[in-house]
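**Student:** After the structure tokens below, expect a handful of questions from me.
2 protein chains.
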Amino acid sequence: MSLKGELLSRFERFKKNMANLEKDWEVVAIFGKVNTFYFTNTMQNGVLIIKRTGENFFFVRKSYERAKIESPLDFIYPIKSFKDIFDTTDLKGESIHIEKDVVPYGFFERFNKNFGFKRVGSADLAIAKTRAVKSDYEIGLMKKSGEIHEYILQKFVPTILREGITEAELGAEILREIIIKGGQGLTRMGTFNAELYLGNICFADSGNYYNSFDGPAGIFGVSPAVPLLGNHRKKLLKDSVIMLDIGCGYEGYHTDKTTVYAFGKIPQEAYDFHKRCVEIQNMVAERLSPGEIPSKIYEDIISRVDRDFDINFMGFGPNKVKFLGHGIGLVIDEYPVIAKGFDDPLEENMVMAIEPKKGIENVGMVGIENTFLVTAKGGMSITGSDYDIINV
Amino acid sequence: MSLKGELLSRFERFKKNMANLEKDWEVVAIFGKVNTFYFTNTMQNGVLIIKRTGENFFFVRKSYERAKIESPLDFIYPIKSFKDIFDTTDLKGESIHIEKDVVPYGFFERFNKNFGFKRVGSADLAIAKTRAVKSDYEIGLMKKSGEIHEYILQKFVPTILREGITEAELGAEILREIIIKGGQGLTRMGTFNAELYLGNICFADSGNYYNSFDGPAGIFGVSPAVPLLGNHRKKLLKDSVIMLDIGCGYEGYHTDKTTVYAFGKIPQEAYDFHKRCVEIQNMVAERLSPGEIPSKIYEDIISRVDRDFDINFMGFGPNKVKFLGHGIGLVIDEYPVIAKGFDDPLEENMVMAIEPKKGIENVGMVGIENTFLVTAKGGMSITGSDYDIINV
Chain R
1 MSLKGELLSR FERFKKNMAN LEKDWEVVAI FGKVNTFYFT NTMQNGVLII
51 KRTGENFFFV RKSYERAKIE SPLDFIYPIK SFKDIFDTTD LKGESIHIEK
101 DVVPYGFFER FNKNFGFKRV GSADLAIAKT RAVKSDYEIG LMKKSGEIHE
151 YILQKFVPTI LREGITEAEL GAEILREIII KGGQGLTRMG TFNAELYLGN
201 ICFADSGNYY NSFDGPAGIF GVSPAVPLLG NHRKKLLKDS VIMLDIGCGY
251 EGYHTDKTTV YAFGKIPQEA YDFHKRCVEI QNMVAERLSP GEIPSKIYED
301 IISRVDRDFD INFMGFGPNK VKFLGHGIGL VIDEYPVIAK GFDDPLEENM
351 VMAIEPKKGI ENVGMVGIEN TFLVTAKGGM SITGSDYDII NV
Chain H
1001 MSLKGELLSR FERFKKNMAN LEKDWEVVAI FGKVNTFYFT NTMQNGVLII
1051 KRTGENFFFV RKSYERAKIE SPLDFIYPIK SFKDIFDTTD LKGESIHIEK
1101 DVVPYGFFER FNKNFGFKRV GSADLAIAKT RAVKSDYEIG LMKKSGEIHE
1151 YILQKFVPTI LREGITEAEL GAEILREIII KGGQGLTRMG TFNAELYLGN
1201 ICFADSGNYY NSFDGPAGIF GVSPAVPLLG NHRKKLLKDS VIMLDIGCGY
1251 EGYHTDKTTV YAFGKIPQEA YDFHKRCVEI QNMVAERLSP GEIPSKIYED
1301 IISRVDRDFD INFMGFGPNK VKFLGHGIGL VIDEYPVIAK GFDDPLEENM
1351 VMAIEPKKGI ENVGMVGIEN TFLVTAKGGM SITGSDYDII NV
């Protein structure tokens, strides 16, 4: 399919999802750069207007010239300010739907001064459901990310680990190598206030340290102002667990993967718990096929985790989270989540990161994460299939 | 001053700014992670309630434990959801002020379901004005960032440049070295949709390429999905201009700096235009003292740019922007801006990045940027004082 055909089919699927979720919708305005890219293939600055009936408009403030080069759509128009839209199209009506979980309150207020929409609905879920199902083109990009990701964690990192290297230094080496190998370096999140810089670089106890982020892996990070990446003073000591939970990206699309290393001798318990996490990952992965219900998968698998193992499972102490995996794509935290409340069936070509992990007091965190394509035969890992602790 | 004293003085200055700007304010709720950090010294997830009269409350969802470790404030309380706040405090009234340019529309709606505030005001400008004036403690951190920054662009980069290296590879080497030297790597922006990943790594014409970002430097970047950093296929050729406009950060605080290199022989025009940009930087810097008006500085300096030089000055073609510099701190795009509309006087210990640049067709972009402290004697650069093109 041409890129233009691919983009137009995204509009169509989105409109179907809107019709299912928001019966009375009239017009959607998309402002966020990630969604703008998804529908137009350019991240230039403006607003995309999608109407229930009638023409669509992509108004670009900066750079119109670049948007015209990057996007094959034929409804791209230059504007200087949102006021110009008013003159160009008959953008009016009772209600508008926006990315309510993306657009700042004041930004929308300023936009709406020109138009006076009375009801403001959310297009977030319809967009999320559309983005969740990937095209062959998108899957191709994600597989490229997965290849880089597998190389970095399985092959590259073991060559870099040495006694005395700091978490931050290891993070720096990984970031450099991801970019050298063609990755984008950048890792994007969708949720408000969520932030990820490469990921969690954790030596020993850091994997159990308090984290504001809604994930099982703990993190110490650089400092209170940058609770991300890894610490500049935390050195790798002999006989310790290393847990790397990092994001990788290629041409906008991400994969998520966690690998655990034994740097010297680590407790047998760490190997045992890791093995159990891999079993749980594989049990979830087996069920990643069309028609399976995420909330049902969660309930079934969690009910098979015995009470002892559940202690510090999916996060040490207060870090514990109530999910086993999450969608991934243009951002790392996509729809759906393997958790309660996600009752719509999985569809072919969704992509899910599955991440069972367990903290061990005074030792660190073990466990696994890989990114899986939802197929009729169950989840297919696109980030490699070596799941063991790597002994260094 | 103790960290606690420093934080409490930030609250006081903020309340004064609120009183000046929003006469009738009752209560402010701060949700954004950067502002939360500014007032509390922790970036953990929750909401900070600042009242005109009466107690303040910092409610933390995740991680309360970490917030207690990192913040010296004595009004920190754990919550599971925003509903819990309702039980703990008498949070009610007609109006609430929030970070309107930060908080997503839907996020605030969900919060307000519990409280029913009728009028929603903006605390953005009062926060921006408070953050604009840095304490000695903050200036110390920014100077550390400036030292790393100067080392990277003046000393490190010339050792790395070689024919055939790609923009992305150079970016990767710089990112790695910033982190190795104690920097945070991460560069934060405040404006909705703005994004910066290290900065603009531009060989030759890339510095003139279309940019969605509101800055004079162009960028090609990785791809349409990642118009950031530099390109994986664009190689450094002999006899070309290199422009690096990058951010650096230390413990949350940023500096901004641009250096231009001649890799081999470049046109004399490039040196001449660069020299003029340095003169303009220095003219602006001389006026960075308390009492000077940013809009007046802008008008005065721009009026002295002759018509020929003004072509492609502050951005090639449609990239042209209408400012000469910007505040900087916890984000790269802080208050105030050296531009029309900024009519309040500069204050001692504001920190400003000044960045006159000029595009040259088929050659690239030349010019300069450094980060200056506002002092009684004019701007004092904290990112070094070598402004010439570096010949490699």
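Chains as they are written, first to last, in our numbering: chain R, 1 to 392; chain H, 1001 to 1392. No residue lacks a Cβ here, since even glycine has one placed at the ideal position from N, Cα and C. For clarity, every value in this text was computed on a predicted model and none was experimentally measured.
#1: Taking 9 Å as the CB-CB cut-off, is R176/R touching chain H?
#2: For a test of the three-state rule: what should DSSP assign to E1173/H, helix, strand or coil?
#3: Is the beta carbon of M365/R closer than 9 Å to that of P227/R?
#4: By how many angstroms is the C-alpha of L1141/H removed from the C-alpha of D1256/H?
#5: Verify the CB distance criterion: does P104/R have a CB-CB separation below 9 Å to chain H?
#6: Give the secondary structure of Y1137/H by DSSP, where H, G and I count as helix, E and B as strand, and everything else as coil.
#7: Tell me which residues share the same chain as E1299/H and place their Cβ nearer than 8 Å to its Cβ, disregarding the 5 neighbours each side in the sequence.
#8: With a threshold of 8 Å, are at least 3 pairs of Cβ atoms found where one atom belongs to the stretch 1094–1108 of chain H and the other to the stretch 1016–1033 of chain H?
#9: Measure from the alpha carbon of H254/R to the alpha carbon of each residue in E138/R, G325/R, N45/R and I280/R, then state which is nearest.
#10: If we ignore side chains and look at the alpha-carbon of each, how far apart do M1018/H and V1321/H end up?
#11: Leaving aside the five residues before and after I266/R along the sequence, list all residues of the same chain whose C-beta is less than 6 Å from its C-beta, in chain order.
#12: Scan the stretch 317–345 of chain R and note each continuous beta strand (DSSP E) run of 3 residues or more that stays entirely inside, going in chain order.
#13: Which residues mark the beginning and the end of the beta strand (DSSP E) in which A29/R is found?
#14: Could you tell me the alpha carbon to alpha carbon distance between K1238/H and P1158/H, rounded to whole angstroms?
#15: Against chain H, does D74/R count as a neighbour if the rule is that its beta carbon must be under 9 Å from one of theirs?
#16: So with CB distances below 8 Å, who are the chain R contacts of S1223/H?
#17: Specify the secondary structure class of L73/R as computed by DSSP and reduced to three states.
#18: Verify whether the separation of the beta carbon atoms of N1041/H and L1021/H is less than 9 Å.
#19: So if I threshold CB-CB distances at 9 Å, which residues from the stretch 1258–1290 of chain H count as touching chain R?
#20: Taking its Cβ as the centre, do 16 or more other Cβ atoms sit within 10 Å of K144/R, making it buried, or is it exposed?
#21: When the distance is taken between beta carbons, is E1369/H closer than 9 Å to V1351/H?
#22: With a threshold of 8 Å, are at least 3 pairs of Cβ atoms found where one atom belongs to the stretch 184–196 of chain R and the other to the stretch 346–361 of chain R?
#23: Give me the Cβ distance between I1096/H and V1120/H, rounded to the nearest whole Å; I'm assuming they're in contact under 8 Å.
#24: Within a Cβ cutoff of 7 Å, which residues of the same chain sit near L1125/H, ignoring the five residues on either side of it in sequence?
#25: Assuming I1174/H and I1246/H are in contact, meaning their beta carbons sit under 8 Å apart, how far apart are those beta carbons, in whole angstroms?
#26: Since P1227/H meets chain R, which of its residues come closer than 7 Å, beta carbon to beta carbon?
#27: So, is S1303/H buried or exposed, given that buried needs 16 or more other C-beta atoms within 10 angstroms?
#28: Could you work out which residues of chain H lie near F57/R, taking near to mean beta carbons separated by less than 8 Å?
#29: Please decide whether A1339/H counts as near chain R, where near means a Cβ-Cβ distance under 9 Å.
#30: What's the gap between the Cα of V1102/H and the Cα of Y387/R?
#31: Give a yes or no on whether the minimum CB-CB distance between H232/R and chain H is below 9 Å.
#32: Mind checking M1/R: buried by the 16 CB within 10 Å criterion, or exposed?
#33: Along chain R, in chain order, which residues have C-beta atoms closer than 8 Å to that of F1108/H?
#34: Spatial neighbours of E70/R within its chain, please: C-beta separation below 7 Å, excluding the five flanking residues on both sides.
#35: Under 9 Å, do E1099/H and A1123/H count as touching if we go by C-beta distance?
#36: Which one of I360/R, R176/R, P104/R and R276/R has the shortest CA to CA distance from A1194/H?
**Tutor:** According to the structure data:
#1: The residue labelled residue 176/R in the question sits at position 176 within the first sequence. Yes, R176/R lies at the interface with chain H (some Cβ there is under 9 Å from its Cβ).
#2: Within the second sequence, the letter at position 173 stands for residue 1173/H. Of the three classes helix, strand and coil, the one that applies to E1173/H here is helix, per DSSP.
#3: In the first sequence, residue 227/R corresponds to position 227, counting from 1. In the first sequence, residue 365/R corresponds to position 365, counting from 1. For P227/R and M365/R, no; Cβs fall outside 9 Å.
#4: By one-based count along the second sequence, residue 1256/H stands at place 256. By one-based count along the second sequence, residue 1141/H stands at place 141. Those two C-alpha atoms are separated by around 14 Å.
#5: Taking the first residue of the first sequence as position 1, residue 104/R is located at position 104. Output row for P104/R: interface = yes.
#6: Here the question's residue 1137/H lines up with position 137 in the second sequence. Of the three classes helix, strand and coil, the one that applies to Y1137/H here is helix, per DSSP.
#7: Residue 1299/H sits at position 299 when you count from the first residue of the second sequence. Within the same chain, E1299/H has close Cβ partners K1340.
#8: Flag = yes, the stretch 1094–1108 of chain H and the stretch 1016–1033 of chain H touch.
#9: The sequence position of residue 254/R within the first sequence is 254, counting from 1. Ranking E138/R, G325/R, N45/R and I280/R by Cα distance to H254/R puts E138/R first.
#10: For the purposes of this step, residue 1018/H is taken as the residue at position 18 of the second sequence. For the purposes of this step, residue 1321/H is taken as the residue at position 321 of the second sequence. If I take the Cα positions, the gap works out to 30 Å.
#11: The residue labelled residue 266/R in the question sits at position 266 within the first sequence. Only V241 meet the Cβ criterion.
#12: Every beta strand (DSSP E) stretch that sits fully inside the stretch 317–345 of chain R and reaches 3 residues is listed by chain position as 325–327 and 334–337.
#13: Stepping through the first sequence from its first residue, residue 29/R is reached at position 29. Annotation: the continuous beta strand (DSSP E) that includes A29/R extends over V27 to I30.
#14: Counted from its first residue, the second sequence places residue 1238/H at position 238. Counted from its first residue, the second sequence places residue 1158/H at position 158. Each residue's Cα considered, the two are about 14 Å apart.
#15: On the first sequence, residue 74/R is found 74 positions in, with the first residue counted as 1. No - not a single Cβ of chain H is within 9 Å of the one on D74/R.
#16: Here residue 1223/H is taken as the residue at index 223 of the second sequence, counted from 1. Simply Q184, E251 and G252.
#17: Taking the first sequence and counting its residues from 1, the one referred to as residue 73/R is at position 73. Correct three-state label for L73/R: coil.
#18: Within the second sequence, numbered from 1, the residue matching residue 1041/H stands at position 41. Within the second sequence, numbered from 1, the residue matching residue 1021/H stands at position 21. Contact: no.
#19: Nothing from the stretch 1258–1290 of chain H brings a Cβ to less than 9 Å from some Cβ of chain R.
#20: Your numbering for residue 144/R matches position 144 in the first sequence. Burial call: buried.
#21: Translated into the one-based positions of the second sequence, residue 1351/H becomes position 351. Translated into the one-based positions of the second sequence, residue 1369/H becomes position 369. It is not a contact, given that the beta carbons lie outside the stated cut-off.
#22: Too few Cβ pairs lie closer than 8 Å, so no.
#23: Your numbering for residue 1096/H matches position 96 in the second sequence. Your numbering for residue 1120/H matches position 120 in the second sequence. Confirmed, Cβ separation roughly 6 Å.
#24: The count along the second sequence starts at 1 and reaches residue 1125/H at position 125. In chain order, L1021 place their CB closer than 7 Å to the CB of L1125/H, counting only its own chain and leaving out the 5 sequence neighbours on each side.
#25: Residue 1174/H sits at position 174 when you count from the first residue of the second sequence. Residue 1246/H sits at position 246 when you count from the first residue of the second sequence. Right, their Cβ atoms sit about 7 Å apart.
#26: Looking up residue 1227/H in the second sequence gives position 227. What P1227/H touches in chain R: M43.
#27: Your numbering for residue 1303/H matches position 303 in the second sequence. With fewer than 16 other Cβ atoms within 10 Å, it is exposed.
#28: In the first sequence, residue 57/R corresponds to position 57, counting from 1. For F57/R, none of the residues of chain H pass the 8 Å Cβ criterion, the least Cβ distance being about 18 Å.
#29: One-based indexing of the second sequence puts residue 1339/H at position 339. So, not an interface residue.
#30: The count along the second sequence starts at 1 and reaches residue 1102/H at position 102. The count along the first sequence starts at 1 and reaches residue 387/R at position 387. Roughly 40 Å between the two C-alpha positions.
#31: Residue 232/R sits at position 232 when you count from the first residue of the first sequence. Contact of H232/R with chain H is assigned, a C-beta pair being separated by under 9 Å.
#32: Locating residue 1/R in the first sequence gives position 1, where the first residue counts as 1. Under this definition M1/R is an exposed residue.
#33: Counting from one through the second sequence, the residue named residue 1108/H turns up at place 108. Result: Y105.
#34: The residue you call residue 70/R lines up with position 70 of the first sequence. Same-chain partners within the cutoff: N41 and T42.
#35: Here residue 1099/H refers to the residue found at position 99 when the second sequence is read from its first residue. Here residue 1123/H refers to the residue found at position 123 when the second sequence is read from its first residue. For E1099/H and A1123/H, yes; Cβs fall inside 9 Å.
#36: Counting from one through the second sequence, the residue named residue 1194/H turns up at place 194. Considering only alpha carbons, the answer is P104/R.
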